[in-house]
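Right, one structure below, let's go through it.
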Amino acid sequence: MFENLRFVLLSTTHAGNIGAAARAMKTMGINDLALVNPKLFPNVEATKRASGADDLLANAKVCNHIDESISDCKLVIGTTARKRHLDIPVIDGREAAKLLIEESKKHQVALVFGKEQYGMTNEEVERCHCLVRLPTVESFSSLNLASAVQVMAYECRMQSLENIEFNNEFTEPNEGDLVNADAMESFYQHYFKVMEDAMYLRMEGHDSIRTKLRLLYNRARLRNHEVDILRGFLTKLEKKLK
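For any residue, its number in my numbering is found by taking its place in the sequence shown, counting from 1, and adding 3.
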């Protein structure tokens, strides 16, 4: 049912949270778990808290960087408990689940959860097409990691069981193959290198411009042929700059 839906946990510090998250996923039928730089894994506490979801832990993909965990994904949704001063769409959990389930019928998608204490960094958010923010009370807004995983796993489960017409302000492209995260990151590196060669960007600094450009292209949700066009232009421009 959820072959193309992946949950990604970033820099988890408490092994028990990994186990509890795996349990939450399995109760809702979600089995694809990726762990980016977990502090303690594998760990007996993770196994204990998994309470029978040992297979998810055994099959979890352990990665060194977020890019590795989402490289094959064509939709990446991040999670946040706080308001971000970034130009990126923010939707609620139910809308996010609709989007994830609808697009997972066609290609790989990922839902990313940040580190327990601080959530996702801005650099990690840059990899996302949109963010999900659960409507918790502002005076006590941060959910435990496993609780957040359970809420979103439940929402995804409900969407998969209901015949709901897909309707969301964050719309999916109607045609063409969407670019996965690995290809987008390769494009960004090429793009920023040419901008540095043209002396529009410095190699060090101008991080805010890079962030704004990443979020701009993420909102566009480019297709493969569109990235090919852009990279062809960049290659021509590189030759002119030499």
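Ideal placement from N, C-alpha and C gives every residue a C-beta, glycine not left out.
Computed from a predicted structure; not experimentally measured.
The C-beta of residue 201 has fewer than 16 other C-beta atoms within 10 Å across all chains shown, which makes the residue exposed. In the three-state reduction of the DSSP assignment, residue 10 falls in the strand class, which pools E and B.
Per the DSSP secondary-structure output, residue 226 pairs in a beta bridge with 181. For residue 78, there is no enclosing alpha helix (DSSP H); the residue is found in the beta strand (DSSP E) stretching over 78-82. Between the alpha carbons of residue 29 and residue 56 lies a distance of about 6 Å. Excluding the 5 residues flanking it on each side, residue 35 has same chain C-beta neighbours closer than 6 Å at 9, in chain order. Secondary structure at residue 151: helix, using DSSP grouped into helix, strand and coil. If only complete runs of 4 or more residues are kept, the stretch 95-168 shows the alpha helix (DSSP H) at 96-107, 125-128 and 148-164, in order along the chain.
By the neighbour-count definition (other C-beta atoms within 10 Å, threshold 16), residue 211 is an exposed residue. Under the three-state reduction of DSSP output, residue 36 falls in the strand class. If you draw a straight line from the Cα of residue 5 to the Cα of residue 78, it is about 14 Å long. Under the three-state reduction of DSSP, residue 242 is assigned to helix. Taking each of 226, 73 and 14 in turn and checking the Cα distance to residue 42, the smallest one comes out for 14.
Under the three-state reduction of DSSP output, residue 42 falls in the coil class, being neither helix nor strand.
With 16 or more other CB atoms across the displayed protein chains lying within 10 angstroms of its CB, residue 163 is buried. Annotation: the continuous beta strand (DSSP E) that includes residue 64 extends over 64-66. If you look at residue 72, you'll find it in the alpha helix (DSSP H) that goes 69-73.
With a cutoff of 7 Å on beta-carbon distance, residue 20 and residue 149 are scored as near each other. Beta-bridge analysis with DSSP links residue 93 to 134.
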